[in-house]
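Take any residue in the sequence shown, count from 1 to its spot, add 718: that is its number in the numbering used here.
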Amino acid sequence: MVGTEDRRGARWVLHIDMDAFFASVEQLTRPTLRGRPVLVGGVGGRGVVAGASYEARRFGAHSAMPMHQARRLIGSSAVVVPPRGAVYRVVSARVFAMIREAIPVIEMLSFDEAFGEPEALVGAARSEVITFAEQIRSRIADELGLAASIGAGSGKQIAKIASGMAKPDGVTVISPGSEQEFLRPLSVRKLWGIGPVAGDRLHRLGIDTIGDLADLSPMEVASVLGSTVGPALHRLAQGFDDRQVAERTSAKQISAESTFADDVVTMPRLREAIATSAASAHRRLLDDGRGARTVVLKLKKSDMSVLTRSTTFAPATTDLATLAAAAQRLALDPVDIGPVRLVGVGFSGLTTDEQFLLFGGDASDRAVADAPEEPVIVTAVDGVDPAEPLPGGPVAEVGVQKASGRVVGPDGAVTWATGTDVTHPDFGHGWVQGSGHGVVSVRFETRATGPGRTATFPSDTAELTAADPLASLDWT
């Protein structure tokens, strides 16, 4: 059977993937949710699932699925909570700091997955790799209470596919020399670089498996997939992958975007949305420590077509007023272009060589409008900024979403956003399970408490205040 021989490999690449990371962190910090079908994402009419627990996946729910569809699949047992990016970042940092103790150099792919090529495993036998991976996985489970799946093989491609097969909470190691046997029966879509368009093109040509692609001649591959990408994919299909594991370089672009429950149809509301996205992206820019030379505005219309416009400054800047003003100048009136369902603002041309203005004015006065456009990287999900603990996006027309998590309706009635972290002087840290009809229900618990008690209060009680979401981790 593939991967059963205890062969030794000249190199071993590991792919570590945290299982259902967003949902697992919610279940970790909110113990009542353990064992329940949890959906993380936007709750509006256009909400999208950012993460689903394994209990939710058994119903067919998965990431990137419309939230209304996922809730319909699961039924009344579904628990929907908004993303808490601040918590995910802290947990991710602790997980991978722990992994770095065993693998000093890792290549982060996202919050929850990374490659590693441990020097300790050079020339190791397959059984040694299994032991090494199990030790990492066990430590993450024992010390942090989270599950990870690990794949290992002679290259990145093999390791990543293997980790997917190890899910949930397992280890799969592919022996050197068995790469082709392992790859050949798999769908060609498993290969990096084969997306829906390329996959459909290959399918029409009768190329459905990785083995089918591997059997093509170099000329045939180049004619189907191009002379640039084709040869590299052909080598991967044949089991050759010598790409090195290296620390990832700094981001080329920083951005934030929001999708709205109701289309934006007026210029004032569009400007409000642009200001919100610019502010969210600016917070990340400050965290990054670099200035930006280019501002990109992305507008997705209700017909799903996308418009992007950009402007470039002579000097780089971190000044929010300058960046936001540039984004506003790129705006197109919804009356002219049609309803807008998504707004994004991105900053690129990132550099540490920021030049400060000596004589006032606006750096964007020297901007070049409509410079060559760059794609906007999606860094927010359905109006929820992952850098923020509470739902973001523009002010709802039916109420005011305050930073505290309280929503004040037009009649002055107070409700609380579900999932908001709160604290009470007597009961400690908790989270809002529901609110309405003048009351709010709170579950008081953290990672360390186990399932907590529920208490109900008047929505406008002064004793209940918004809390730092990181307190739910209860870590020193």
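The beta carbon of each residue, even a glycine, is placed where N, CA and C say it ideally should be.
Using DSSP with H/G/I as helix, E/B as strand and the rest coil, what is residue i?
i: residue 1103; result: Residue placement at residue 1103 cannot be trusted, given a pLDDT of 33 that sits under 50; what the coordinates show is reported in the next sentence. Three-state DSSP puts residue 1103 in coil, outside helix and strand.
i: residue 963; result: coil
i: residue 945; result: coil
i: residue 725; result: coil
i: residue 1002; result: helix
i: residue 935; result: coil
i: residue 957; result: coil
i: residue 690; result: Residue 690 falls outside the range modelled here, since the chain spans only 719 to 1194, and no answer is possible.
i: residue 914; result: helix
i: residue 888; result: coil
i: residue 698; result: What the structure shows of the chain is the stretch from 719 to 1194, and residue 698 is not part of that stretch, so it cannot be assessed.
i: residue 823; result: coil
i: residue 1015; result: strand
i: residue 994; result: helix
i: residue 895; result: coil
i: residue 880; result: helix
i: residue 1169; result: coil
i: residue 1234; result: The structure shown has nothing for residue 1234, since the chain only spans 719 to 1194.
i: residue 810; result: helix
Roughly how many angstroms lie between the CA atoms of residue i and residue j, to the nearest whole one?
i: residue 731; j: residue 1130; result: 58 Å
i: residue 1003; j: residue 923; result: 45 Å
i: residue 1014; j: residue 954; result: 35 Å
i: residue 802; j: residue 814; result: 19 Å
i: residue 860; j: residue 847; result: 20 Å
i: residue 1142; j: residue 1149; result: 10 Å
i: residue 1021; j: residue 1058; result: 9 Å
i: residue 960; j: residue 875; result: 10 Å
i: residue 970; j: residue 1178; result: 44 Å
i: residue 726; j: residue 820; result: 20 Å
i: residue 771; j: residue 835; result: 29 Å
i: residue 742; j: residue 1157; result: 29 Å
i: residue 1161; j: residue 1170; result: 6 Å
i: residue 829; j: residue 966; result: 13 Å
i: residue 904; j: residue 1049; result: 46 Å
i: residue 863; j: residue 818; result: 18 Å
i: residue 793; j: residue 782; result: 18 Å
i: residue 932; j: residue 956; result: 5 Å
i: residue 919; j: residue 987; result: 41 Å
i: residue 791; j: residue 812; result: 34 Å
i: residue 981; j: residue 744; result: 30 Å
i: residue 1026; j: residue 972; result: 15 Å
i: residue 921; j: residue 940; result: 16 Å
i: residue 857; j: residue 810; result: 15 Å
i: residue 1151; j: residue 1132; result: 15 Å
i: residue 909; j: residue 1123; result: 43 Å
Taking DSSP's pairing of strands, which residues face residue i in a bridge?
i: residue 1152; result: 1159
i: residue 797; result: 756
i: residue 693; result: No statement about residue 693 is possible, as the shown extent of the chain runs from 719 to 1194 and does not include it.
i: residue 1136; result: Looking at the DSSP assignment, residue 1136 forms no beta bridge with any residue, so it has no partner.
i: residue 697; result: The structure shown does not extend to residue 697, since the chain spans only 719 to 1194, so no value can be given for it.
i: residue 977; result: 1060
i: residue 971; result: 1066
i: residue 867; result: 735
i: residue 1187; result: DSSP, once it has assigned bridges, lists no residue as partnering residue 1187.
i: residue 848; result: DSSP output for residue 848 lists no bridge partner at all.
i: residue 843; result: 726
i: residue 1009; result: 1069
i: residue 1124; result: 1134
Using 8 Å as the threshold, is the C-beta distance between residue i and residue j below it?
i: residue 1139; j: residue 1184; result: yes
i: residue 1204; j: residue 873; result: Nothing about residue 1204 can be reported from this structure: the residues present for the chain run from 719 to 1194 only.
i: residue 1010; j: residue 984; result: no
i: residue 757; j: residue 738; result: no
i: residue 1024; j: residue 1045; result: no
i: residue 907; j: residue 929; result: no
i: residue 867; j: residue 886; result: yes
i: residue 992; j: residue 1019; result: no
i: residue 805; j: residue 1190; result: yes
i: residue 951; j: residue 912; result: yes
i: residue 728; j: residue 841; result: yes
i: residue 975; j: residue 945; result: no
i: residue 1136; j: residue 808; result: no
i: residue 1065; j: residue 1038; result: no
i: residue 736; j: residue 759; result: no
i: residue 795; j: residue 749; result: no
i: residue 889; j: residue 851; result: yes
i: residue 733; j: residue 877; result: yes
Determine, using beta carbons only, whether residue i comes closer than 8 Å to chain D.
i: residue 1053; result: Structure shown: chain D not included; a single protein chain is present.
Report task. Note down, one range per segment and in chain order, each beta strand (DSSP E) of at least 3 residues found wholly within the segment 742-772. Result -> Complete beta strand (DSSP E) runs here, min 3: 756-759, 767-770.
Query raised in the report: In chain order, which continuous runs of the alpha helix (DSSP H) of length 4 or greater are located wholly inside the segment 1023-1075?
Result: Considered as a whole, the segment 1023-1075 harbours 1038-1047, 1052-1055 as its complete alpha helix (DSSP H) runs of no fewer than 4 residues, in chain order.
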